[in-house]
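1 is the number of the first residue of the sequence shown in UniProt numbering; add one for each residue after it.
For glycine and all other residues, C-beta sits at the position ideal for the given N, C-alpha and C.
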Amino acid sequence: MSVPLAVEGMDALALAQEGERLCRENNMKAGIKYLEMAIEKKINLGGRSLEALSAIYSQLGNAYFVLRIFDRALEYHRHDLETAKLLGDSSGLAKAHGNLANTYKAVGDFDSAYEHAVTHLRLAQEISDKECEARALYNVASVYHCRAKTIIHASLPLDQSGLLTAGDMTATSQLQAAINCYLQNLHIVEGMKDFAACGRTYGNIGNSYYMLGDYSTAVYYHNKRLEIARRFGDRAAMRRAYTNLGNAHIFLSETTKALEYYRLALSLASELHDEVIEAQCCFNVGNGAAICGDYIIVLFKNRACKDLVSATEYHTRYLKLTRKLRDRGGESRACAALAADFRKQNKAEKALYFFILQGHISIEVSLSFRSSLSYL
């Protein structure tokens, strides 16, 4: 990306300020250009050049992180760390360790992430900075949380014996440690009346309890998260809370409640014009309607038929969105769901059509995956 010729006459400080402004406006690529030019002219940063350089390194690391160019993000956050050491700046050191922890977590290096997150926490406590300590506790908790997710995903498909595996036990201990740190974070941010931070933590505690299978406690925390999201009109957070509440109520066998939450989530996803999320919400509503139909069919056959039609409606909508998004994996799931819907309605020809279509797509996706592996 080129930059205007006028920048040739700008000094390092002006370049850095312009780069920071562009990053604040979410124009990361242009912001990076200005910030990197400022580093080239760092001799003109003024009497506090090291402090200014540290700020530039931190901003560059954050900008590259947003762009998901994690190797460059790590490079600049390491530069920031070394600069903070030269300055003897404990607050700057804490911030740099926190940024490194987040970046290592993003690339799946949880050991390095944990090391930096714990150092972030220790430094925050040493300088008695409660706001920094809250962020550090959240950081440590999120490392435990992400490590647990990785362990669980790696252990799928689940052990058919129904017994806890070593991986299950490790994930459980990681989730319990995450909850402990989240609760310590919550104690601080509630005292500070930082409601945005409270909301994030409530949501993560809810997700952790959900992963532990404690769905009632998960519902409690997701409701707390929803309350704050509603108070501040944060529709994206409300949508996530509705989805999480739907998921928890499914496992509590409270399918009518789950379906209502899924519908609320879908309504918000449509308002937010996010078709990827809207597609997932359609799938959730369809699945919820199908499950409700399964329960109701025993007692109220006519109503069950109505619910099954509803499932078909939302699974069809999901299919249309996945085709629009060119999501072949999602299209395969939609076809499988529609086949099951039509089978329950005794519409054998339609069910067979979607079963066959799902099979063709699955083979295509599998062949595409194998082809991509051959280039590695």
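Assigned exposure category for residue i - 16 Cβ within 10 Å defines buried
{"i": "R147", "result": "buried"}
{"i": "Q59", "result": "buried"}
{"i": "A218", "result": "buried"}
{"i": "E364", "result": "exposed"}
{"i": "I361", "result": "buried"}
{"i": "N346", "result": "exposed"}
{"i": "L15", "result": "buried"}
{"i": "D11", "result": "exposed"}
{"i": "L175", "result": "buried"}
{"i": "H153", "result": "exposed"}
{"i": "K301", "result": "Residue confidence is low: K301 scores 45 on pLDDT, short of 50, so the model does not pin down where it sits. No coordinate-derived value is stated."}
{"i": "K130", "result": "exposed"}
{"i": "K85", "result": "exposed"}
{"i": "N244", "result": "buried"}
{"i": "L252", "result": "exposed"}
{"i": "N26", "result": "exposed"}
{"i": "A196", "result": "exposed"}
{"i": "L35", "result": "buried"}
{"i": "I127", "result": "exposed"}
{"i": "G199", "result": "buried"}
{"i": "K193", "result": "exposed"}
{"i": "A348", "result": "exposed"}
N- and C-terminal bounds of the alpha helix (DSSP H) containing residue i
{"i": "L245", "result": "235 to 251"}
{"i": "K324", "result": "301 to 324"}
{"i": "F342", "result": "328 to 344"}
{"i": "L266", "result": "255 to 271"}
Contact belief for residue i with residue j at Cβ below 8 Å, rounded distance in angstroms
{"i": "T316", "j": "G288", "result": "Their Cβ separation, rounded to whole angstroms, is 15 Å, which puts T316 and G288 out of contact at 8 Å."}
{"i": "G355", "j": "A334", "result": "Residue identity check: residue 355 is Phe in the sequence provided, not Gly. Between A334 and F355 the Cβ distance is about 12 Å, and since that is not below 8 Å, they are no contact."}
{"i": "N284", "j": "G246", "result": "6 Å"}
{"i": "M28", "j": "L67", "result": "5 Å"}
{"i": "N281", "j": "L266", "result": "It should be pointed out that residue 281 corresponds to Cys in this sequence rather than to Asn. Going by Cβ atoms, the distance from C281 to L266 rounds to 4 Å, so yes, they are a contact pair."}
{"i": "L87", "j": "E51", "result": "7 Å"}
Chain-order list of residues whose beta-carbon lies under 8 Å from that of residue i (same chain, five-residue window excluded)
{"i": "N62", "result": "C23, A73, N99"}
{"i": "E275", "result": "L321, K324, L325"}
{"i": "Y202", "result": "L186, Y221, H222, K224, R225, I228"}
{"i": "I277", "result": "R239, A269"}
{"i": "residue 410", "result": "The structure shown does not extend to residue 410, since the chain is modelled only from 1 to 376, so the question has no answer here."}
{"i": "T150", "result": "G108, F110"}
{"i": "M211", "result": "A148, K149, I152, A171, L175"}
{"i": "G213", "result": "F251"}
Cβ neighbours of residue i in the same chain (closer than 7 Å, five flanking residues each side left out)
{"i": "M238", "result": "L226, A229, R230, L268"}
{"i": "A101", "result": "A113, H116, A117, H120, N139, V143"}
{"i": "V107", "result": "F70"}
{"i": "Q358", "result": "S332, C335, A336, A339"}
{"i": "Q160", "result": "Low local confidence applies: a pLDDT of 46 at Q160 is under 50, so the model's placement there is unreliable, and no value is given."}
{"i": "A311", "result": "G286, A289, A290, G293, D341"}
{"i": "A178", "result": "A141, Y144, H145, A148, S208"}
{"i": "Y104", "result": "S112, A113, H116"}
{"i": "R235", "result": "L268, E271, L272"}
{"i": "S374", "result": "Confidence at S374 is low in this model, with a pLDDT of 46, below 50, so its placement is unreliable and the value that follows should be read with caution. Around S374: no qualifying Cβ."}
{"i": "A279", "result": "Y318, L321, T322, L325, G330"}
{"i": "L299", "result": "Bear in mind that a pLDDT of 37 at L299, under 50, signals an unreliable position, so the number given afterwards is only what the model happens to contain. None."}
{"i": "residue 378", "result": "As displayed, the chain neither begins before 1 nor continues past 376, which places residue 378 out of reach and without an answer."}
{"i": "G162", "result": "Annotation note: pLDDT 42 at G162 (below 50); position unreliable, no value reported."}
{"i": "I56", "result": "A16, L35, A38, I39"}
{"i": "residue 395", "result": "Residue 395 is absent from the model: the chain starts at 1 and stops at 376."}
{"i": "Y215", "result": "A248, F251, L252"}
{"i": "H79", "result": "Y57"}
6 Å CB neighbourhood of residue i in its chain, flanking five on each side removed
{"i": "G31", "result": "G19, L22, C23, A63"}
{"i": "A136", "result": "H120, L121, A124"}
{"i": "L264", "result": "Y242"}
{"i": "Y262", "result": "G246, N284, V285, G288"}
{"i": "L93", "result": "A84, L123"}
{"i": "H97", "result": "H116, T119, H120"}
{"i": "I188", "result": "K130, A134"}
{"i": "S90", "result": "L123, I127"}
{"i": "K257", "result": "H249"}
{"i": "K350", "result": "F342"}
{"i": "L352", "result": "none"}
Residue i Cβ short of 8 Å to the ligand NAP heavy atom set
{"i": "D71", "result": "With respect to small molecules bound, the structure shown includes none, and the ligand NAP cannot be examined in it."}
In chain order, each beta strand (DSSP E) run of at least 3 residues that lies wholly inside the stretch 97 to 155: none
Every unbroken alpha helix (DSSP H) within the stretch 160 to 222, with a cutoff of 4 residues, ordered by chain: 166 to 191, 195 to 212
I'd like the ranges of any alpha helix (DSSP H) spanning at least 4 consecutive residues and lying wholly in the stretch 21 to 101. 28 to 40, 49 to 66, 70 to 87
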